[in-house]
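> Pasting in a structure now, in structure tokens, and then I'll have a few things to ask.
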Amino acid sequence: IQNTKKRYRNHLSALEIISVGNNMSVSLNAKGGQSKEELEAILQEREPVNPELQKVVSAMYSVLENYRDKNYSGGENHGIIFYVNHDPNSGLKVNGKNATYLHGKEGNYKSIYTPEGKQMLEKILGDYDLNDGAVELQVDGSITSCRRMLRVAPDDVAEKIGLGEKGEGASYHEWGFKKPVFTKHLSAKASTVLDPSIYIATLSSEGDIRVMNNNQIISSPYRDELPERLRHKQPEPRDYMRIAPMATARAYL
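Numbering (our numbering), first residue to last: 128 to 380.
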């Protein structure tokens, strides 16, 4: 029972099982935010023929979540940006002039899925000089560079998304955010307008994690930021959720 209790806490940190079996219902954490499982369901729908891309976007979310939970303790923190699946032929240009490339002496890139890769990301995220910019990943999970600059300003795409000449002067609500955000978050969303294939994950100074793609916020702690059709996307039951029917799972929690 103790092992089962630990397992459920690890997998369901943002969720509480109310009933289980074939008709399992889930309540989200008190903040009302979206769960990682819901993000994965959205990714399966958006990228049905690219499971590698689904996997790495989910992994980016997990790394940011773990870093936040370990290191954010209130007060002012430095915002962080990850990106993957950038199309170099798109309108989005990524500046590599000041980039730090991460292949190391061996010539091999570390992976977001390995302990060594996660340790390297932890170091990058904790170093202002290294995380001043965006961390670049590849679809296979390779961590290729950091200090990348997404060369786009909100003004560059304002007209394309119906904001006319307002650009950065538009309210955060008009940009699709529920609360005020720094310009780097506006630029991150603007980047997905110029490159609809890119996925960008951001961790704000307040600890909010968002995932953006094709001018949409597809994962957010605030459901009002999601497109209407994604606000109640239900996750498919995972293997660790497939347990024998019972009246309640509270005994395990």
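We put the CB at the ideal spot given by N, CA and C, even for glycine.
1) Can you find the residues in the same chain that come closer than 7 Å, C-beta to C-beta, to GLU249, ignoring five residues on each side of it along the sequence?
2) By the 10 Å Cβ neighbour count, where 16 or more other Cβ atoms means buried, how is GLN246 classified, buried or exposed?
3) Quick one: using the 10 Å Cβ neighbour count with 16 as the cut-off for buried, is ASN156 buried or exposed?
4) Here's the rule I'm using: 16 or more other beta-carbon atoms within 10 Å means buried, otherwise exposed. How should VAL238 be labelled?
5) Under 7 Å Cβ to Cβ from GLN171, same chain only, skipping five residues before and after it: list those, please.
6) Is ALA226 helix, strand or coil by DSSP?
7) From ASP254 to THR319, what does the alpha carbon distance come to, in whole angstroms?
8) How is the beta strand (DSSP E) around ASN340 delimited, first residue to last?
9) What residue from SER332, LEU277, VAL211 has the CA that sits closest to GLU263's CA?
10) In whole angstroms, what is the alpha-carbon distance linking PRO323 and ASP283?
11) How close, in whole Å, do the beta carbons of SER185 and GLU174 come, if the pair is a contact with beta carbons under 8 Å?
12) Assign PRO175 to one of three DSSP states: helix, strand, or coil.
13) Apply the 10 Å Cβ neighbour rule to HIS230 and answer buried if 16 or more other Cβ atoms are within range, or exposed otherwise.
14) What are the partner residues of PHE209, as DSSP defines its beta bridges?
15) Apart from the five residues just before and just after ASN258, which ones in its own chain have a Cβ nearer than 6 Å to its Cβ?
16) On the DSSP bridge assignment, give the partners of GLN343 in chain order.
17) For THR329 and TYR228, I'd like the C-alpha separation in whole angstroms.
If we stick to the structure as given:
1) In the sequence shown, the residue the question calls residue 249 occupies position 122. Correct list, in chain order: TYR194.
2) As a working mapping, residue 246 is identified with position 119 in the sequence shown. Exposed, since its Cβ has fewer than 16 Cβ neighbours within 10 Å.
3) As a first step, residue 156 must be located in the sequence shown, where it is residue number 29. Per-residue confidence for ASN156 stands at a pLDDT of 37, beneath the threshold of 50, marking its modelled position as unreliable; the derived number appears in the next sentence. Classification for ASN156: exposed.
4) On the sequence shown, residue 238 is found 111 positions in, with the first residue counted as 1. The residue asked about is misnamed: residue 238 is Ser in this sequence, not Val. Around the beta carbon of SER238, 16 or more other beta carbons lie within 10 angstroms, which makes this residue buried.
5) Taking the sequence shown and counting its residues from 1, one reaches residue 171 at position 44. If we look at GLN171 and ignore the five residues flanking it on each side, its Cβ neighbours are GLN181.
6) The residue given as residue 226 occupies position 99 in the sequence shown. If DSSP states are grouped into helix, strand and coil, ALA226 belongs with coil.
7) Translated into the one-based positions of the sequence shown, residue 254 becomes position 127. Translated into the one-based positions of the sequence shown, residue 319 becomes position 192. C-alpha separation (whole angstroms): 26 Å.
8) Against the sequence shown, residue 340 aligns to sequence position 213. Here the beta strand (DSSP E) through ASN340 covers 336-340.
9) Numbered from 1 along the sequence shown, position 136 holds the residue referred to as residue 263. Of the candidates SER332, LEU277, VAL211, the residue whose Cα lies closest to the Cα of GLU263 is VAL211.
10) Here residue 323 is taken as the residue at index 196 of the sequence shown, counted from 1. Here residue 283 is taken as the residue at index 156 of the sequence shown, counted from 1. Looking at the two C-alpha atoms, the distance is approximately 15 Å.
11) Your numbering for residue 185 matches position 58 in the sequence shown. Your numbering for residue 174 matches position 47 in the sequence shown. Rounded, the Cβ-Cβ distance is 11 Å, inconsistent with contact.
12) The count along the sequence shown starts at 1 and reaches residue 175 at position 48. Three-state DSSP puts PRO175 in coil, outside helix and strand.
13) Numbered from its first residue, the sequence shown carries residue 230 at position 103. Label assigned to HIS230: exposed.
14) Here residue 209 corresponds to residue number 82 of the sequence shown, with the count starting at 1. Paired residue(s): VAL262, ALA328.
15) Start at 1 with the first residue of the sequence shown, and residue 258 comes out as number 131. Contacts found: ILE207, ILE251, LEU252.
16) Here the question's residue 343 lines up with position 216 in the sequence shown. GLN343 is bridged to ASN340.
17) Counting from one through the sequence shown, the residue named residue 329 turns up at place 202. Counting from one through the sequence shown, the residue named residue 228 turns up at place 101. For THR329 and TYR228, the distance between alpha carbons rounds to 20 Å.
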